[in-house]
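Encoded as C-alpha cells, the structure appears first; notes follow it.
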Amino acid sequence: MFLHAAAFLAMVVALWMMFAWVPTDINQGVVQRILYIHVPVAWVSMVAIVGVAFASILYLKTKNEKWDRLAVSMAEVGVMFGAIMLISGMVWAKPVWEVWWTGEAKLMTALILFFIYVAYLMFRAYFPPGDQRMRLAAIIAIIGAIDTPIIYYASVLWQEAHPPLVVGPVAQEENLVAAEIGLTLLVSVIAFTLLFFSLMTARIGLARIETEYEVLKLGIAITPVAEAR
Amino acid sequence: MGASLSIVWALTLKELRIESRNRDVAIAIVMFASLVIAIFAIAIEPTARKATETGPGVLWAAITFAGVVGLTRATSHELENDAVGALMLAPVSRDLLFMGKAIGNFIFLAVATTIVFVVFTFLFNLSILHSEIFVVAILATIGFSAVGTLFSGLTFRVRAREVLLPMLFLPSVAPLLFAAIQVTSLAATGRPWSESLPWIQMATAYDVVFVAVSVMLFGYVLDD
Numbered sequence: 001m002f003l004h005a006a007a008f009l010a011m012v013v014a015l016w017m018m019f020a021w022v023p024t025d026i027n028q029g030v031v032q033r034i035l036y037i038h039v040p041v042a043w044v045s046m047v048a049i050v051g052v053a054f055a056s057i058l059y060l061k062t063k064n065e066k067w068d069r070l071a072v073s074m075a076e077v078g079v080m081f082g083a084i085m086l087i088s089g090m091v092w093a094k095p096v097w098e099v100w101w102t103g104e105a106k107l108m109t110a111l112i113l114f115f116i117y118v119a120y121l122m123f124r125a126y127f128p129p130g131d132q133r134m135r136l137a138a139i140i141a142i143i144g145a146i147d148t149p150i151i152y153y154a155s156v157l158w159q160e161a162h163p164p165l166v167v168g169p170v171a172q173e174e175n176l177v178a179a180e181i182g183l184t185l186l187v188s189v190i191a192f193t194l195l196f197f198s199l200m201t202a203r204i205g206l207a208r209i210e211t212e213y214e215v216l217k218l219g220i221a222i223t224p225v226a227e228a229r
Numbered sequence: 230m231g232a233s234l235s236i237v238w239a240l241t242l243k244e245l246r247i248e249s250r251n252r253d254v255a256i257a258i259v260m261f262a263s264l265v266i267a268i269f270a271i272a273i274e275p276t277a278r279k280a281t282e283t284g285p286g287v288l289w290a291a292i293t294f295a296g297v298v299g300l301t302r303a304t305s306h307e308l309e310n311d312a313v314g315a316l317m318l319a320p321v322s323r324d325l326l327f328m329g330k331a332i333g334n335f336i337f338l339a340v341a342t343t344i345v346f347v348v349f350t351f352l353f354n355l356s357i358l359h360s361e362i363f364v365v366a367i368l369a370t371i372g373f374s375a376v377g378t379l380f381s382g383l384t385f386r387v388r389a390r391e392v393l394l395p396m397l398f399l400p401s402v403a404p405l406l407f408a409a410i411q412v413t414s415l416a417a418t419g420r421p422w423s424e425s426l427p428w429i430q431m432a433t434a435y436d437v438v439f440v441a442v443s444v445m446l447f448g449y450v451l452d453d
C-alpha cells in the first residue's frame with residue numbers, strides 16, 4: 001500500500017516537473033519532453049528483462065513457484081513498458097530524425113527483444129498451467145537473456161553497414177543534459193521505477209490468486225498454496 | 230565417448246531413415262523457400278541492381294521461414310504414435326537425444342539450402358558462388374538447427390505450435406540472419422573477405438554459445 005502511494009506521489013511530481021517546471025528545449029522544442037517518459041520506461045523495461053532472466057534461473061535451480069510468479073510478472077510489466085518505449089521513441093523520432101524508424105542499433109535490439117518477450121508471454125498463454133510450463137518458460141527467458149548481447153553486437157555491425165538516413169544535428173548537442181533536464185529525468189526515473197515495483201507487487205498478488213485458482217480447478221495441488229507463499 | 234558417438238549416429242540415422250521414406254522435411258523446406266523466392270522475383274522484377282540490393286534479404290528470409298516449416302514437420306513426426314515417448318524411454322541421456330535430432334535437422338536444412346541457392350541463382354540472376362557465403366551458410370545452418378531443435382522441443386506439445394515456433398525462433402536467430410544477409414550482400418557486390426570477417430566471427434560466436442546452451446537446456450525441456 002505504501003509502495004502504491006509513493007509511486008502515485010512520485011508520478012504526480014514527475015509529471016508536474018516534465019510538463020510545467022522544466023523549460024522547453026531550444027533545439028528540439030516541446031517534443032524533447034518525450035525524453036522524460038522514454039528514458040525511464042526504457043530503463044524499467046531493461047531492469048525487467050534482467051529480472052526475468054534471474055528469476056528464471058532461480059526457478060530452474062530451486063523449483064520454487066514464487067520465482068516463476070516473479071518472472072511472469074516482470075515479463076508482463078516489462079513488455080508493457082517496452083511497448084511504451086518503442087511508441088514514445090517513434091513519436092519523438094518523426095519530428096527530430098524525420099523518420100519513424102531507422103536501422104539504429106539500439107532500436108533494432110529493442111524491437112527484437114520486445115518480440116522475444118512477447119513470444120515468452122504468448123508461450124505462457126498457450127501452454128497449460130503447471131510445472132512444465134514454468135520450466136519451459138524459464139528456458140525461453142534464459143535464451144532471450146543470452147541472446148541479448150549478441151543481438152546488440154549484430155545490430156551495431158548492421159548499423160555500420162547501413163548508416164541511418166537522417167540523424168538530426170541535435171544528436172550531438174552538448175547542452176542536452178542541462179541541470180534542470182537532468183533533475184527532471186532523475187525524478188521521472190525514480191517515479192517510473194516506483195510505478196514498476198507497485199505494478200509488480202499487484203501482478204505478483206494476481207499470480208498468486210491464479211495459482212490458487214488453478215489448484216482449486218484441477219483439484220490437485222501443484223505445490224501446496226500455503227507453502228508457496 | 231565412442232558409445233555416445235554411436236548413439237548420436239544411431240539417432241541421426243533414424244532421422245535420415247524416416248526422411249528417406251516419406252521425404253517431407255527437406256522437400257517442404259525446398260518448396261516453401263523456392264515459392265517465397267519466386268513470389269519475390271515476380272513482385273520485384275529483379276534487374277541487376279535490384280537483385281544485388283534486395284536479393285540477399287529475400288534469399289535468407291525465404292530460407293529462415295522455410296526452415297520453420299521444416300522444423301514443424303520434423304517434430305510432428307515425433308508426436309505420431311507417441312514416438313517421443315518411446316525415445317524418452319530409451320536409456321540415453323537427453324543431450325544425446327538433442328544432438329541426434331539437431332544433426333538430423335542440420336542435414337535437412339543444409340541439403341535444402343543448397344537447392345534453394347540454385348533456385349535463387351536462376352530466379353534472381355545473381356551469382357552467390359563465393360567462399361564467404363559458403364562459410365556463413367554453414368554457420369547459419371548450424372545455429373538454426375541448434376536453436377530450432379531446442380525450440381521445437383519446447384513447443385511441440387502445445388496446440389498452437391505453428392504460431393509459437395516462428396514467434397520464438399525468428400527473433401532469437403536474428404543475429405544469424407543479419408550475418409547471412411550482410412555477408413551474402415558483401416560477397417555478391419564483390420567486396421573483399423575482410424569486410425565479411427566481423428560477421429563471420431559474430432556468427433561463429435553465436436553458434437558456439439547456442440550449441441552449448443541448447444545442449445545444456447535440452448535436459449530441462451524433455452524432463453517430465
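So the protein lines, in turn, are chains A and B. First residue of the first sequence: 1, per this note's numbering; consecutive thereafter. First residue of the second sequence: 230, per this note's numbering; consecutive thereafter. Ideal placement from N, C-alpha and C gives every residue a C-beta, glycine not left out. Just so you know, these numbers come straight off a predicted model, no measurement behind them.
First through last residue of the alpha helix (DSSP H) which encompasses residue i
| i | result |
| --- | --- |
| A/L58 | 35 to 62 |
| B/G231 | 231 to 251 |
| B/E427 | Just to set this straight, residue 427 of chain B is Pro in the shown sequence, not Glu. Element bounds for B/P427: 422 to 451. |
| A/V13 | 2 to 16 |
| A/V215 | 179 to 218 |
| B/L370 | Checking the displayed sequence, the identity of residue 370 of chain B turns out to be Thr instead of Leu. Segment 360 to 384, the alpha helix (DSSP H) holding B/T370. |
| B/I357 | Taken as a continuous stretch (DSSP letters only), B/I357 belongs to no alpha helix (DSSP H), as it is neither H nor E. |
| B/R521 | Not covered by the structure: residue 521 of chain B. The range shown for chain B is 230 to 453. |
Neighbour-count burial assignment, residue i, 16 or more Cβ in a 10 Å radius
| i | result |
| --- | --- |
| A/A5 | exposed |
| B/G231 | exposed |
| B/R246 | exposed |
| B/N251 | exposed |
| B/P320 | exposed |
| B/T342 | buried |
| B/A441 | exposed |
| B/R209 | Because chain B here runs from 230 to 453, residue 209 of chain B falls outside it and cannot be looked at. |
| A/V30 | exposed |
| B/P275 | buried |
| A/G219 | exposed |
| A/T62 | exposed |
| A/A191 | buried |
| A/A179 | exposed |
| A/F2 | exposed |
| B/P404 | buried |
| B/S233 | exposed |
| B/G329 | buried |
Per DSSP, cross-strand counterpart(s) of residue i
| i | result |
| --- | --- |
| A/Y29 | It is Gly, not Tyr, that sits at residue 29 of chain A in the sequence shown. DSSP, once it has assigned bridges, lists A/D25 as partnering A/G29. |
8 Å Cβ shell around residue i - same chain, five flanking residues per side excluded
| i | result |
| --- | --- |
| A/L35 | W92, I181, L185 |
| B/V297 | G377, L394, P395, F398, L399 |
| A/V39 | L185, S188, V189 |
| B/R302 | D253, V254, A257 |
| B/I266 | V287, L288, A291, V345, V348, F349, L352, F353 |
| B/E307 | V313, L316, F385 |
| B/W422 | S360, E361 |
| A/L194 | L3, A6, A7, A10, M11 |
Beta-carbon contacts of residue i that lie in its chain and below 6 Å, excluding the five residues immediately before and after
| i | result |
| --- | --- |
| B/G284 | F353, L355 |
| A/E214 | P129 |
| A/R33 | M18 |
| A/I84 | V41 |
| B/R390 | T384 |
| B/D436 | L368, I371, G372 |
| A/V156 | A105 |
Residues near residue i by beta carbon distance below 7 Å, same chain, minus five either side
| i | result |
| --- | --- |
| B/T433 | L368 |
| B/S374 | A331, N334, F335, L338 |
| B/D273 | The amino acid occupying residue 273 of chain B in the given sequence is Ile; Asp does not appear at that position. Closer than 7 Å at Cβ, skipping near neighbours: K279, T283. |
| A/L238 | It is not possible to answer for residue 238 of chain A, since the shown part of chain A is limited to 1 through 229. |
| B/L446 | L379 |
| A/V167 | With a pLDDT of only 43 at A/V167, under 50, the local geometry of the prediction cannot be trusted, and the value read off the model is given with reservation. Counting only Cβ-Cβ distances below 7 Å, and skipping sequence neighbours, we find W97. |
| A/I204 | R69, L70, S73 |
Residue i: CB within 6 Å of a non-hydrogen atom of the ligand COA
| i | result |
| --- | --- |
| A/G205 | With respect to the ligand COA, the structure shown offers nothing to examine, as it has no ligands at all. |
Complete beta strand (DSSP E) runs within the segment 265 to 333 of chain B (minimum length 3 residues, chain order): The segment 265 to 333 of chain B contains no complete beta strand (DSSP E) run of 3 or more residues.
Segments assigned alpha helix (DSSP H), at least 4 residues, entirely inside the segment 83 to 135 of chain A: Runs found: 105 to 126.
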